[in-house]
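Q: Residue numbers (my numbering): 24 to 754. Even glycine gets a Cβ: it sits at the ideal position worked out from N, Cα and C. In this text the structure is predicted, and so the values were computed from the model without any measurement. Mind having a look at this structure? Questions to follow.
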Amino acid sequence: MLSKVLKQYWGYDSFLPLQEQAMQCVMDDRDSLVILPTGGGKSLCYQAPALCREGMMIVVSPLIALMKDQIDNAKQCGISAATIHSGMSADSKLTVVRLIERGEIRLLYVAPEQLLTPRSLEFLGRQKLSAIAVDEAHCISAWGHDFRPEYRGLAALRERFPNLSMHAYTATANHQVRDDIVNNLRLREPEIIVGQFFRPNLVYRIARRERLVNQVGNFLDRLRGQSGIIYCISRADTEKLATSLTSMGYSCAAYHAGLSDAERTERQEAFVEDRVDTIIATIAFGMGIDKSNVRFVIHAAMPKSMANYQQESGRAGRDGLEAECWLLYGSEDTLRWRRTFEELSEEARAAGDAALQAMHAYCVSSQCRHRLLVEHFGQHWDRNSCDACDVCLGQLEAVEEPLIIGQKILSCVMRTGERFGATYVAMVLAGSKDRKILQNRHDQLSTYGLLLEFRISSIRDWIEQLIAQGFINRSGEYQQLNVTAPGRELLRGQVVPILMRPAKAKEPIAATATSLLNSWEGVDRELFAVLRAWRFKTSLARNVAAFIIFSDATLRDLARRMPMDLVELRSVHGVGDRKIADFGNTVIELIGNYCRDHQVQPSVGIVPPKTNLAETIEGPDAMQVAFQLFDDKLSVAQVALKINRAEATVHAYLQNYLNARRITDPSNWIAPELFELIKTIARYSGLEKLKPIHDALHGRIDYNDIRTATTILRNQGFQSIDAVPIDFTNL
Ligand code: ADP
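Below, the structure is given as structure tokens:
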């Protein structure tokens, strides 16, 4: 029954881990506490059983924005869900009341303060109810990061509705929070279901912040047009970064608690509806965001705790597709956070400090990023490699002579009198001619220029790593370095530190970019873009967020399988009955037109979907091999022969390759005269559609060549002249 509902309403073929078990608790009226990471599919854990049971389910949720998203989502799947909240007009409330009385609502979303009024309780007491679900249940705990005192009142529900089972859902794994939820909600012998906090679709990377705007700009160039969040420490930081990035042409907006409610709502909606790509925010931005297609989360500064990092970075990739989490830290971050603790009680300050220390240790560690996160939350780690962080992807490697480098650094700390900070010491070691160094006559020291062959930033990284391993201490207002007792052992050669540096052979982004492409395997990017544009228009017309119409995963699967009729459409990931009824014919027509216009054989696109990053990057991967062969300048036909794939498939790989490597030189891939001709036509026709170019060339040139040329033109930053209709027939 549950799996039938899953397919019928959501179009999913299988449960996510632990979902079925969580759903079964609701079916059996057994109280439950379900702890699944963000993106684990918690909503369905109560929504699916609500559809299998009689009566209406009450869903407690903390924020109107969150409820609105959930309801939009449910409605798009054909589920009758409603909310009652203080912002609604009397008429709208009355309409919902009537629907409830007629038994037409399956899920009622309500905030605790609204639910707990005597009138609401009395009204609900007269209705047929199935169970109570408490979403974001960590809000009940003062130990959590989003404590909401109104949640405490929910204990009253147990007395008011003793026969209903209660089910709590959260992504916060902390034990104190867990206990608080069970006690405060008075759960009766609840089944506690805890999911795996390892999220292989998130690729974690950490680097030191150097020139933030440049670093972020380069990153955004790679993921242009994708949705992402950048977290900063202060409001001023968000504004500053937003101004710089906007002036460089990136689509972004700042978000923080200093904005008016209206401004915040407007910016949040623009982000959710894909009108703004990147939101640059303080931690004020978060819980209300249920956007499933966030493709990256950048921390422009160190987060204030591991719990914050897990939550904030976890907002990426809820749809299960690959996403990137990039943390940029600087030595001043700890101090800046500490300043924000000044108002707190002594106890809270101490807790905050401990959390900062753990976070800093994480930043400078050279161990698997996923492993440390998972272990921090008390879960066991039993893999050799996560295959999804800079450490495991081999983007960091151990330096060859860590003892000698460590000794050089420590002796420089001593020789400069343990009176200077990390950057200064690094500059002395690198032989900098900085005025201050010359004034202090530190160019006369025996340690001056000892690490001349390395960049200052590498030496800075090693100093951080030595601090993290306890060989150096940092103290005082200016964060001066001094050598600790273990540091002295190191100087004597009795212990060896572990020092890492970015791997030389691999560009830091290469592995990520390649893995990013894996789940694009077989996807016709252009069709994806067509479908995305249609989704955007439809979402505006229906006044819902774009990903509620279809998720990115569904769009990719559509552009991969290219279903030709409603039966084939049913097999696409995330397409249930209601979506077929609402959009089926339109989508089939769009795809049909696309295939006809581009002479694409739909069957070419059928490749089994791959969504699990860990799975996809293991073993030989055809596309990866193709990339290497393209690097060696083999033609499409040669690659097709070598990897035993159809040429059409290899053409698709080539497009991915040209995009990923940002190829701007056409000479290997297309005859120069033809490229120039296409370029001339495209100046008038633009790059959006291939057909006008194809027609202008009298249909004599293969679409694959046209696609190759337009992709390279895009990489070159090509601009068309604003289209004036032009007669191409004389060209
Ligand atoms: P959470 O609340 O735990 O963060 P959601 O309930 O928002 O997660 O679900 C995250 C995404 O996963 C949504 O896009 C949802 O539709 C999708 N999802 C949920 N269950 C399944 C499933 N069984 N198969 C595929 N996708 C699913």
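1) Are G440 and G454 touching if we call contact CB-CB under 7 angstroms?
2) Taking the continuous alpha helix (DSSP H) assigned at A604, which residues delimit it?
3) Between which two residues does the alpha helix (DSSP H) carrying F551 extend?
4) Give the single residue among V590, A604, L578 whose Cα lies nearest to the Cα of H596.
5) By a C-beta neighbour count over all protein chains shown, 10 Å radius and 16 as the cutoff for buried, is K602 buried or exposed?
6) Within 10 angstroms of the Cβ of G64, are there 16 or more other Cβ atoms? Answer buried if so, exposed if not.
7) Please return the same chain residues whose Cβ sits closer than 6 angstroms to the Cβ of V623, not counting the five positions on each side in sequence.
8) Strictly by DSSP, which residues pair up with E366?
9) Which runs of the beta strand (DSSP E), 3 residues or longer, sit entirely within the stretch 282–343?
10) Quick check on S37: buried or exposed, where buried means 16 or more other Cβ atoms within 10 Å of its Cβ?
11) Runs of 4 residues minimum, wholly inside the stretch 235–286: which ones carry the alpha helix (DSSP H) assignment?
12) For C412, which beta-bridge partners are listed by DSSP?
13) Do you know whose CA, among S336, S274, S354, lies nearest E347's CA?
14) From the DSSP output, in three-state form, read off Q150 for me.
15) Can you give the Cα-Cα distance for A449 and H674, rounded to whole angstroms?
16) Please report the distance separating the alpha-carbon of A378 from that of R361.
17) CB-CB under 6 angstroms to G281, same chain, minus the five flanking residues each way: which ones, in chain order?
18) Taking the beta strand (DSSP E) that M24 belongs to, which residues open and close that run?
19) Leaving out the 5 sequence neighbours to the left and right, which residues in its chain are closer than 8 angstroms to P755 when beta-carbon positions are compared?
20) What does a CB cutoff of less than 8 angstroms around S315 pick up in its chain, not counting 5 residues either side in sequence?
21) Ignore the nearest five residues each way along the sequence and tell me which others in L235's own chain have a CB closer than 8 angstroms to its CB.
22) How many Å lie between P60 and H393 at the Cα?
23) Report the partner residues of N496 according to the DSSP bridge assignment.
24) Could you check if L117 is buried or exposed, using at least 16 other CB atoms within 10 Å of its CB as the buried criterion?
25) Return the Cβ separation of A154 and V49 in integer angstroms, given the expectation that the two are a contact with Cβ distance under 8 angstroms.
26) Can you give me the Cβ contacts of R129 inside the same chain, cut-off strictly under 7 angstroms, excluding the 5 residues immediately before and after it?
27) Using alpha carbons as the reference points, say which of I229, S66, L243, E292 lies closest to S562.
28) In the DSSP assignment, find the alpha helix (DSSP H) that holds T140 and state where it starts and stops.
29) Relative to the alpha-carbon of S250, which residue among G375, R338, E77 has its alpha-carbon at the smallest distance?
30) Would Q488 be called buried (16 or more neighbouring beta carbons within 10 Å of its own) or exposed?
31) Exposed or buried, which one is E124 when buried takes at least 16 other CB atoms within 10 Å?
32) What residues match up with W349 in a beta bridge as DSSP calls it?
33) I'd like to check one pair, P213 with C162: are the Cβ atoms closer than 7 angstroms?
34) Measuring alpha carbon to alpha carbon, tell me which residue in G516, V205, L147, H108 is nearest S55.
35) Nearest to Y707 by alpha carbon, out of D688, F741, T687, D114?
36) Please confirm whether any heavy atom of the ligand ADP lies closer than 6 angstroms to the CB of D92.
A: Based on what the coordinates show:
1) no
2) 600–620
3) 548–565
4) L578
5) buried
6) buried
7) none
8) Per DSSP, none; premise fails for E366.
9) 301–304, 317–322
10) exposed
11) 235–245, 258–270
12) Y227
13) S336
14) coil
15) 49 angstroms
16) 11 angstroms
17) R258
18) Element bounds for M24: n/a, residue is neither H nor E.
19) Look at the range of the chain in this structure, 24 to 754, and you will see that residue 755 is not part of it.
20) G62, R341, D342, F570, S574, D575
21) L264, A323, L351
22) 13 angstroms
23) N505
24) exposed
25) 6 angstroms
26) A73, L74, M79, M80, I102, S103, A104
27) E292
28) Here T140 belongs to no alpha helix (DSSP H), and DSSP marks it neither H nor E.
29) R338
30) buried
31) exposed
32) R228, I321
33) no
34) V205
35) F741
36) no
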